[in-house]
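Using the UniProt record's numbering, you'd call the opening residue of the sequence shown number 1 and step up by one each time.
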Amino acid sequence: MEPGVTLEEYYARGVYPVLTGRSQKFPEAESLDDLARRAEQAINGLVMPYVWQAARAGEKGIHVAIVSHGLCISELLPALLSKDASGAHPKHKYKGLLNTAWTRVTVDVKGSVEGKSMEFSDSNPPPLVVRVTDFNSHEHLDRVARQKGGIGSAEFDPKQQSIQAFFGGAAAPTEEGRSVSNALDEGNINTQ
Numbered sequence: 001m002e003p004g005v006t007l008e009e010y011y012a013r014g015v016y017p018v019l020t021g022r023s024q025k026f027p028e029a030e031s032l033d034d035l036a037r038r039a040e041q042a043i044n045g046l047v048m049p050y051v052w053q054a055a056r057a058g059e060k061g062i063h064v065a066i067v068s069h070g071l072c073i074s075e076l077l078p079a080l081l082s083k084d085a086s087g088a089h090p091k092h093k094y095k096g097l098l099n100t101a102w103t104r105v106t107v108d109v110k111g112s113v114e115g116k117s118m119e120f121s122d123s124n125p126p127p128l129v130v131r132v133t134d135f136n137s138h139e140h141l142d143r144v145a146r147q148k149g150g151i152g153s154a155e156f157d158p159k160q161q162s163i164q165a166f167f168g169g170a171a172a173p174t175e176e177g178r179s180v181s182n183a184l185d186e187g188n189i190n191t192q
């Protein structure tokens, strides 16, 4: 980045540099700090109710699967790990997940015993032991062979639309002025 040029000035030029600060964000997007707050809400609202419900029912070994993109997972982990009774916060060391890699976290409610229900109030839950047992596991990809002559080595096809047009919703017109989907062509048909 050029000294003295603000992010807003870069954006006005249509230039989107690599962001290095957790509070920085692209126009109409969220920062890493924003994502961390959203991850905390997700852990509190979606995961913790299962943890507390299982403890109250005397169940151990329940599983909760969360599927998301790597950046979000990298923020979900500290949100969950910060609930560990030790009080240690992992900061933001869980980064760089490979595509389709997986991570496993165990959450144990201190004092919980299989088959023995626990009683506690929502305002005073028992302490937790939260541990990452696997991170960025991708051994399942070791024997996957990349397709020869795949997309990355294909020649440019001028008939294809640009990625900006594709994601921006600017579909290229097709023959006879019809849309790619016939949903728009048949929108005025009375089905009754």
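Yeah, the Cβ is synthetic: ideal placement off N, Cα and C, and Gly gets one too. As the structure is a computational prediction, the values presented were derived from the model and not from experiment.
The stretch 34–44 in contact with the stretch 55–62 per 3-pair CB rule at 8 Å: With a cut-off of 8 Å, the stretch 55–62 and the stretch 34–44 do not count as touching, because too few Cβ pairs lie within range.
If we count the other Cβ atoms within 10 Å of its Cβ and call it buried at 16 or more, is V109 buried or exposed? Buried.
As assigned by DSSP and simplified to three states, the class of R143: Correct three-state label for R143: coil.
Tell me, please, whether the stretch 81–98 touches the stretch 120–134 by the rule of three or more beta-carbon pairs shorter than 8 Å. Touching, yes.
Residue nearest to T20 in terms of C-alpha spacing, selected from A12, E9, M1 and R143: The candidate whose alpha carbon is nearest that of T20 is M1.
Quick check on the DSSP output: what are the complete alpha helix (DSSP H) runs of length 4 or more inside the stretch 33–89, in order along the chain? 48–57 and 70–81, all fully within the stretch 33–89.
By DSSP, does L7 sit in helix, in strand, or in coil? DSSP places L7 in helix when its eight states are reduced to three.
Which of helix, strand or coil does DSSP assign to E2? In the structure shown, E2 adopts coil according to DSSP, grouped into three states.
Span of the beta strand (DSSP E) around F26: Secondary structure note for F26: it is in no beta strand (DSSP E), with a DSSP letter that is neither H nor E.
Can you grab the Cα-Cα spacing for the pair V67 / D122, in whole Å? Computed Cα separation, rounded: 27 Å.
Name the DSSP beta bridge partners of residue 199, please? As displayed, the chain neither begins before 1 nor continues past 192, which places residue 199 out of reach and without an answer.
Can you tell me the Cα-Cα spacing of G115 and V51, whole angstroms? G115 and V51: Cα-Cα distance of roughly 15 Å.
Would A101 pass as a contact of G70 if the rule is Cβ separation under 9 Å? A contact, by the Cβ cut-off of 9 Å.
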